[in-house]
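Report on the structure given below.
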Amino acid sequence: MRPPGSNSTGSTGSTGREFNLLWGGQTVSLLGDRITVFVVPALMIFALGASPFEVGVVAMAQYLGIPLLGPIAGVLVDRWDQRLTLVMCDLVRLAAVLAMPVAYWLGVLSTPVLFACVALISGATIFFNVGYLVAVPAAVPQDRLVGAYSRLEGSRTVSEVAGPSVAAGLYHALGVAALLVDAATYLISAVCLRSMRSWGTRTVQHGSVLSRLGLGFKLNWADPVLRRVIVAAVILNSGGPIFVTVLPVLAYQGLGVSVGVFGAVMSVAAVGAVLGALVAPRIAGRLGLGRTMAWALLLHCLAGLGVLAAPALPPALVIGMTIGFYGFFMSCINVCSAPIRQSRMAADNQGVTHAAFRTATWGVIPLAAFLGGLGVTLLTDDLGVLDATRVVMVAGTLLAALSFLPATRIQPLLDEAGRRPEPEPSESTA
0 MRPPGSNSTG STGSTGREFN LLWGGQTVSL LGDRITVFVV PALMIFALGA
50 SPFEVGVVAM AQYLGIPLLG PIAGVLVDRW DQRLTLVMCD LVRLAAVLAM
100 PVAYWLGVLS TPVLFACVAL ISGATIFFNV GYLVAVPAAV PQDRLVGAYS
150 RLEGSRTVSE VAGPSVAAGL YHALGVAALL VDAATYLISA VCLRSMRSWG
200 TRTVQHGSVL SRLGLGFKLN WADPVLRRVI VAAVILNSGG PIFVTVLPVL
250 AYQGLGVSVG VFGAVMSVAA VGAVLGALVA PRIAGRLGLG RTMAWALLLH
300 CLAGLGVLAA PALPPALVIG MTIGFYGFFM SCINVCSAPI RQSRMAADNQ
350 GVTHAAFRTA TWGVIPLAAF LGGLGVTLLT DDLGVLDATR VVMVAGTLLA
400 ALSFLPATRI QPLLDEAGRR PEPEPSESTA
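The sequence shown maps to residues 0 to 429 in numbering that gives the first Met the number 0.
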């Protein structure tokens, strides 16, 4: 069900007021998210003197809600007012972000407190993401989905360009108070969502919660395309988060990069992700969504091996080039994955289908983040922090590269479905 007043024909290039409100709120919120993601590890390492193990534990909390709340989130979002759900999720995240600077000013900030705040943000984000994925196809017509997802991916990557530099500057000027900016962005997002017209229906009331949970997983696994997307994503998320979790430890402790330099380098590197979001629709138009996604998975992972060039080459250059290519291909993956999955989902089961997908594919991320921090801690005594971080990051990258294998069959399956003739109408009469 589309929001009243939305473009239902796709005859023009406009995505309409409803999507623009959604897009605008998320663009601001995503920028704030980058601030928190950047500030929390820096705060732990420089203000709390945290170990790589503690950094990994808090990174794990960022995704902990996925296996714990992911399945039930889809069931509940189908039954709740979807717009109100997103607004409440923004307000919960606002409160959790505010709690971190308040705890610091009261002198009680610690790794357990950060873990609790990040875990609460993670839990609210699970519900938000499920409702958000339902909101996008409700706000734009089917033939504009790739363009809409490209815009959203562009916003994500633009936030990655501006976010680290902004975060580094705010952290240098304000310290922990930089987190107040992220809190403000959640408020802006909530206002934009509240200004939208309601979408979706709460008609999925039949069946127990357990049966709805099972249905979400069955729908994903029964479809040959969705099944391969899930397997590829699980493999990717088993290794990729190891790389991302350990990166600040490599930069700050292994290579001696300052917060300001790291922030500037990450912003410059994120230009690659922006370019990926811009060109991915064109590449997919030539190669096909499935083929583009498969090769992007492989090249995204291989780009991570660039960290081996440091410290032989200047650390800032190595990190910038590595993350630039890393982000470029990640944007291509994201732009292709969402329309592929959306095209295989029934409208009345989107909530549980999205939630089951997120649970299966993101549920491995907490363990991967934890193992990244633990691996560096265990290897540091023998190898030193620099070599320990590089060994762990390369291991995670090579594991993630195996995601290419199941993804190679996605495009042939999509092509086969496109060639399949429509069923002939029955000659019988009612």
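A virtual CB, placed ideally from N, CA and C, is assigned to each residue, including glycine.
Can you look up residue i in the DSSP assignment and give me helix, strand or coil?
{"i": "Arg506", "result": "In this structure the chain extends from 0 to 429, so residue 506 is not present and cannot be described."}
{"i": "Met0", "result": "At Met0 the pLDDT is 35, less than 50, meaning the model places this residue with poor confidence and gives no usable figure here."}
{"i": "Glu343", "result": "Residue identity differs from the one stated: residue 343 is Arg in this sequence, not Glu. Arg343: coil per DSSP, three-state reduction."}
{"i": "Thr379", "result": "helix"}
{"i": "Ser158", "result": "helix"}
{"i": "Ser237", "result": "helix"}
{"i": "Asp222", "result": "coil"}
{"i": "Thr202", "result": "Its pLDDT being 48, under 50, Thr202 is placed unreliably by the model, and the measurement read from it follows with that caveat. Residue state, collapsed to three classes: coil."}
{"i": "Val139", "result": "coil"}
{"i": "Ser121", "result": "helix"}
{"i": "Thr396", "result": "helix"}
{"i": "Arg357", "result": "helix"}
{"i": "Leu214", "result": "helix"}
{"i": "Val175", "result": "helix"}
{"i": "Gly362", "result": "coil"}
{"i": "Ser28", "result": "helix"}
{"i": "Val264", "result": "helix"}
{"i": "Pro247", "result": "helix"}
{"i": "Ser164", "result": "helix"}
{"i": "Pro314", "result": "helix"}
{"i": "Thr407", "result": "coil"}
Of the choices the options, whose alpha-carbon is the least far from that of residue i?
{"i": "Leu307", "options": "Val278, Leu397, Ser266", "result": "Leu397"}
{"i": "Leu21", "options": "Val133, Arg33, Ser50, Arg389", "result": "Val133"}
{"i": "Ala283", "options": "Cys335, Leu119, Ile322, Phe45", "result": "Cys335"}
{"i": "Ala227", "options": "Ala123, Gly262, Asp380, Pro405", "result": "This sequence places Arg at residue 227; Ala is not what is there. Of the candidates Ala123, Gly262, Asp380, Pro405, the one whose C-alpha sits nearest the C-alpha of Arg227 is Pro405."}
{"i": "Ile234", "options": "Ala394, Pro111, Phe37", "result": "Ala394"}
{"i": "Ser117", "options": "Val54, Tyr148, Asp80", "result": "In the sequence as displayed, the identity of residue 117 is Val instead of Ser. That would be Val54, whose Cα lies nearest to the Cα of Val117."}
{"i": "Pro313", "options": "Ser210, Phe261, Ala177, Arg143", "result": "Phe261"}
{"i": "Leu218", "options": "Asp414, Ala46, Arg340, Gly23", "result": "Arg340"}
{"i": "Ser210", "options": "Arg285, Val74, Ser257, Pro280", "result": "Val74"}
{"i": "Ala293", "options": "Cys88, Leu178, Pro136, Ala399", "result": "Ala399"}
{"i": "Asp380", "options": "Phe37, Ala416, Trp220, Ser50", "result": "Ser50"}
{"i": "Asp32", "options": "Ala367, Phe242, Ile187", "result": "Ile187"}
Confirm, please, whether the CB-CB distance from residue j to residue i is below 7 Å.
{"i": "Pro247", "j": "Tyr62", "result": "no"}
{"i": "Phe52", "j": "Thr376", "result": "yes"}
{"i": "Ala189", "j": "Leu29", "result": "no"}
{"i": "Ala123", "j": "Arg82", "result": "no"}
{"i": "Val129", "j": "Val76", "result": "yes"}
{"i": "Gly305", "j": "Met329", "result": "no"}
{"i": "Ala354", "j": "Gly215", "result": "yes"}
{"i": "Thr165", "j": "Phe18", "result": "Here residue 165 is Val; the residue named in the question, Thr, does not match the sequence. No, they are not a contact pair."}
{"i": "Ala272", "j": "Thr360", "result": "no"}
{"i": "Ile322", "j": "Ala268", "result": "yes"}
{"i": "Thr244", "j": "Ala387", "result": "no"}
{"i": "Leu119", "j": "Ala95", "result": "yes"}
{"i": "Val175", "j": "Pro111", "result": "no"}
{"i": "Thr436", "j": "Asp181", "result": "No answer is possible for residue 436: the residues shown for the chain start at 0 and end at 429."}
Could you check how far apart the C-beta atoms of residue i and residue j are, in whole angstroms? I think they sit under 8 Å.
{"i": "Phe324", "j": "Ala295", "result": "With a Cβ gap of about 11 Å, Phe324 and Ala295 do not count as contacting."}
{"i": "Gly162", "j": "Leu277", "result": "Wrong, their Cβ atoms sit about 18 Å apart, outside the cutoff."}
{"i": "Ala167", "j": "Ala263", "result": "7 Å"}
{"i": "Ile409", "j": "Gly238", "result": "Actually they do not touch by this definition, with Cβ atoms about 20 Å apart."}
{"i": "Tyr148", "j": "Ala337", "result": "5 Å"}
{"i": "Ser121", "j": "Ala60", "result": "6 Å"}
{"i": "Pro240", "j": "Gly371", "result": "7 Å"}
Minimum length 4: unbroken alpha helix (DSSP H) runs contained in the region 34-99: 51-60, 64-78
Contained alpha helix (DSSP H) runs [length at least 4] in the region 268-310, N- to C-terminal order: 270-286, 288-302
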